[in-house]
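Colleague: Chains as they are written, first to last, in this note's numbering: chain A, 1 to 718; chain B, 719 to 848.
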């Protein structure tokens, strides 16, 4: 017999309460919606219907509960029930045995001791409360009641048969709603945990459809209808990219799978690089799915790229620096001047090839070479160390006397040293350049020589200049003197002429008077002598007049009186004037004066003087033969020519120029045959020049001469 | 009345030579050997003609002529200038000073007489009668 059937049998056996009361209890129990309310209704019914004084309902709140706790009481103060519990594990406890049993157990009767309870009664009955069909389940509770009337035992059992299942049902209902709440809470927690993850997390099915996605994933892969076109397009693109990435994944693999995925940030369109980490999960109910975690590596990638870029730059810079150093080495080596770098201890740490020639010697080098190198090193070190100890001096230059180790010759150099200083002002090295001064010294020597020579030259030039200016001054003075002398000469001649004339005037006057018989008639020989006096006095006068003419021309005091006249008339006058001379000669005089001779404009007196001179000369120097006077006009040149040709003694070619000089005759000997001061032609040439004309001479010794006067038809000078 | 000619010359031989010849030729003559004498004689004698050598000591011939021509008493007396200087300028200076004719030395006495006669003939008779 099952426990439930045993309880029902017991209930039918002892019944005291009528049906109405039983219905009332059933209604009360069904109306109570909690276990506690249900228990209170049951205890209240026991007290009212059966007169139970004290009652307590213990209850296992959970299906798995092993402890029964007081849930409702009647006739028992609450303080007594607090802290009371019945541990079902204590299998030997009389109450536990009663609880696990199927029938009520009466304690305190038949020698059955009563365990202590909140009822505080030594007699009570323990009624186990069970569910309807769960024979194997633990009991839902235990009802303790003080003793009732004997006929009421059936009613208590009946109540227990109602209350047990009811409490079990209520407990199950309670337990069901609680687990559902817990499940919901756990799901919400899970969601917030997933959403709190900053990386997008998705669960997709085998077709790639999204089953679960956290907020971050939704931002990338989900868009509602009311969002912007750009955002929707970005989301669509991301979905495509994501699906495409997942499609590469084989579902057979159990290992998590990594894949790089480039998506678009729908909010600003920027590129986002993710690392996709997907794992296949298999759920017995849901089937296979893929959990994907996207880790944003954009910044990581950027940082990586930056690091790579920095590294690349570093390498470039390093290469540059290396190239720079190589170039520097090349430059330093290509500099012809020795360059040395010295450390603060005075050790040479670097030098170029030219410096090596001065400061190093190999083991095979001669003793002399090594000595020269040592000497060089000593000189150099002393120069450099001096600068090292001079604080504040950054640069220093000076002359050092080195020796060329190869030749042993002196090598004067100029050393220029500069300190290399760190930012902290610490001297780290010293760079020295040596410059060969041999050429410079040679140049300086040459320059000095040049300067000396130049100074000497300048001195000479100055002396020469001084001498020149002195000469110039002398010349100027002498020129002034000459001019003064010339003026004095002209003045002297003019004065002399005057002084000559005054007594000559008296001589000529008195002679003339005597010849005119002012002092009475003259004896023939007296007259002849007096005539000679007269003739010589006239000759003297002619000479004086010539001299006067020359001095007047030279002093520029010969005036021109220009007029128009006929050459024919002028020639006629001249012939008339020299008629006495012509008469005395036995010469044939011919004239050739064409009718078409034009009038000329010139100084008539001077032209006449020239023609007279020509004619008298011709008559004087021609013993026999003829004298021809011819004039003609040359229209091409607009020139009138007057020529006097004789058949006289002629003039030797070498004398032909001399006769135009002052005081010259062809024969200048004192015993010359022909008298005359010899000034005539000189005057004539000067006069012809004044008239823009010229005198030409053609002559042959012993054959005769032709003097030609060429005159412009119109003189240009006013 | 026979015309009176005043011969002014500082060189006695020339003065005497001209005076002899002019007297021989029938003229009356008077003489002066420098400018001041010439002025005195001219103002005193009021000659019909004056032969004036220009180069005179003291008051020279140009200045003497200027003064004669500036004085109303002697203004109308013809003056024949004589000079040994043949340079240009002398004759112009003489004409500027008021000389009526200019002769360059040497001048033969007959040439001088010729010039004197030309001058005197050109002069109105009435004046000569004064």
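Glycine included, each C-beta is placed from N, C-alpha and C at the ideal position.
Nothing here was measured: the structure is a model prediction, and the numbers come from that model.
Note down the Cα distance separating residue 672 of chain A from residue 719 of chain B, rounded to an integer number of angstroms.
Modeller: Note that residue 672 of chain A scores 41 on pLDDT, short of 50, meaning its location in the model is unreliable and no value can be drawn from it.
Colleague: Within a Cβ cutoff of 6 Å, which residues of the same chain sit near residue 85 of chain A, ignoring the five residues on either side of it in sequence?
Modeller: Hits under 6 Å: 67, 69.
Colleague: In this structure, what does DSSP give as the bridge partners for residue 260 of chain A?
Modeller: BP columns for residue 260 of chain A point to A:275.
Colleague: Would you mind working out which of A:593, A:147, A:295 sits nearest residue 261 of chain A, comparing C-alpha positions?
Modeller: Comparing Cα positions, the closest option is A:295.
Colleague: Would residue 146 of chain A be called buried (16 or more neighbouring beta carbons within 10 Å of its own) or exposed?
Modeller: Classification for residue 146 of chain A: buried.
Colleague: Would you be able to state if there are at least three C-beta pairs under 8 Å between the region 778-789 of chain B and the region 750-767 of chain B?
Modeller: Yes, the region 750-767 of chain B is in contact with the region 778-789 of chain B.
Colleague: Would you say the region 382-396 of chain A touches the region 411-418 of chain A, given that touching needs at least three Cβ pairs under 8 Å?
Modeller: Yes, the region 382-396 of chain A is in contact with the region 411-418 of chain A.
Colleague: So residue 696 of chain A is in the beta strand (DSSP E); what residue range does that whole segment cover?
Modeller: It spans 694-700 - the beta strand (DSSP E) in which residue 696 of chain A sits, taken as one unbroken run.
Colleague: Using three-state DSSP, classify residue 706 of chain A as helix, strand or coil.
Modeller: Correct three-state label for residue 706 of chain A: strand.
Colleague: DSSP three-state call for residue 59 of chain A: helix, strand or coil?
Modeller: DSSP places residue 59 of chain A in strand when its eight states are reduced to three.
Colleague: Between the region 403-414 of chain A and the region 306-324 of chain A, do three or more beta carbon pairs fall short of 8 Å?
Modeller: Short answer: they don't touch.
Colleague: Select from the region 503-532 of chain A all residues with a C-beta closer than 8 Å to any C-beta belonging to chain B, and list them in chain order.
Modeller: The residues in question are 503, 504, 505, 506, 508, 509, 510, 512, 513, 516, 518.
Colleague: Identify the residues that DSSP records as bridge partners of residue 445 of chain A: which are they?
Modeller: According to DSSP, which records beta bridges pairwise, residue 445 of chain A is partnered with nothing at all.
Colleague: Can you tell me which of A:201, A:379, A:211 puts its alpha carbon nearest to the alpha carbon of residue 287 of chain A?
Modeller: Comparing Cα positions, the closest option is A:211.
Colleague: Helix, strand or coil for residue 122 of chain A per DSSP?
Modeller: In the structure shown, residue 122 of chain A sits in coil (DSSP, three-state: anything other than H, G, I, E or B).
Colleague: May I ask you to list, following chain order, the residues of the region 724-749 of chain B that have a beta carbon less than 8 Å from some beta carbon of chain A?
Modeller: Within the region 724-749 of chain B, the qualifying residues are 729, 731, 732, 735, 736, 738, 739, 742.
Colleague: Would a check of beta-carbon distances place residue 823 of chain B closer than 8 Å to chain A?
Modeller: So yes, residue 823 of chain B belongs to the interface.
Colleague: How many Å lie between residue 98 of chain A and residue 20 of chain A at the Cα?
Modeller: Each residue's Cα considered, the two are about 30 Å apart.
Colleague: Nearest CA to the CA of residue 207 of chain A: which residue from A:290, A:400, A:27, A:322?
Modeller: The option with the nearest alpha carbon to residue 207 of chain A is A:290.
Colleague: Are the Cβ atoms of residue 341 of chain A and residue 349 of chain A separated by less than 8 Å?
Modeller: Taking 8 Å as the Cβ cut-off, residue 341 of chain A and residue 349 of chain A qualify as a contacting pair.
Colleague: Counting only the same chain and skipping the five closest in sequence on each side, list residues whose C-beta sits under 7 Å from that of residue 765 of chain B.
Modeller: So the qualifying residues of the chain are 722, 723, 724, 748, 795.
Colleague: Quick check on DSSP: helix, strand or coil for residue 782 of chain B?
Modeller: Reduced to three states, the DSSP call for residue 782 of chain B is helix.
Colleague: To which residues of the same chain is residue 188 of chain A closer than 6 Å at the C-beta, ignoring the five residues directly before and after it?
Modeller: Once the five neighbours on either side are set aside, residue 188 of chain A has no close Cβ partner at all.
Colleague: Please check the pair residue 75 of chain A and residue 54 of chain A, which I expect to be a contact at CB under 8 Å, by giving their CB distance rounded to whole angstroms.
Modeller: About 4 Å; that satisfies the 8 Å criterion.
Colleague: Relative to the C-alpha of residue 617 of chain A, which residue among A:646, A:315, A:641, A:321 is closest?
Modeller: Out of A:646, A:315, A:641, A:321, A:646 has the C-alpha closest to the C-alpha of residue 617 of chain A.
Colleague: Could you spell out the range, first to last residue, of the alpha helix (DSSP H) harbouring residue 299 of chain A?
Modeller: Unbroken alpha helix (DSSP H) run through residue 299 of chain A: 298-334.
Colleague: By the 10 Å Cβ neighbour count, where 16 or more other Cβ atoms means buried, how is residue 546 of chain A classified, buried or exposed?
Modeller: Buried.
Colleague: Got a sec: is the Cβ-Cβ distance from residue 501 of chain A to anything in chain B below 8 Å?
Modeller: So, interface residue.
Colleague: With a threshold of 6 Å on Cβ separation, who are the neighbours of residue 670 of chain A within its own chain once the five nearest residues in sequence on each side are excluded?
Modeller: Note that residue 670 of chain A has pLDDT 39, beneath the 50 cutoff, so the model's placement of it is unreliable and the number below is only indicative. Same-chain partners within the cutoff: there are none.
Colleague: Mapping the DSSP letters down to three states, classify residue 787 of chain B as helix, strand or coil.
Modeller: Helix at residue 787 of chain B.
Colleague: Only counting the same chain, and skipping five residues up and downstream in sequence, which positions put a Cβ closer than 8 Å to that of residue 702 of chain A?
Modeller: Around residue 702 of chain A: 649, 650.
Colleague: Spatial neighbours of residue 729 of chain B within its chain, please: CB distance less than 8 Å, with the 5 preceding and 5 following residues excluded, ordered by chain position.
Modeller: Taken in chain order, the residues that qualify are 771.
Colleague: Spatial neighbours of residue 101 of chain A within its chain, please: CB distance less than 6 Å, with the 5 preceding and 5 following residues excluded, ordered by chain position.
Modeller: Only 128 meet the Cβ criterion.
Colleague: Specify the secondary structure class of residue 418 of chain A as computed by DSSP and reduced to three states.
Modeller: Correct three-state label for residue 418 of chain A: strand.
Colleague: On the three-state DSSP scale, how would you describe residue 626 of chain A?
Modeller: Residue 626 of chain A: strand per DSSP, three-state reduction.
Colleague: Restricting to Cα atoms, I'd like to know which of B:735, B:776, B:828, B:760 is closest to residue 790 of chain B.
Modeller: The candidate whose alpha carbon is nearest that of residue 790 of chain B is B:760.
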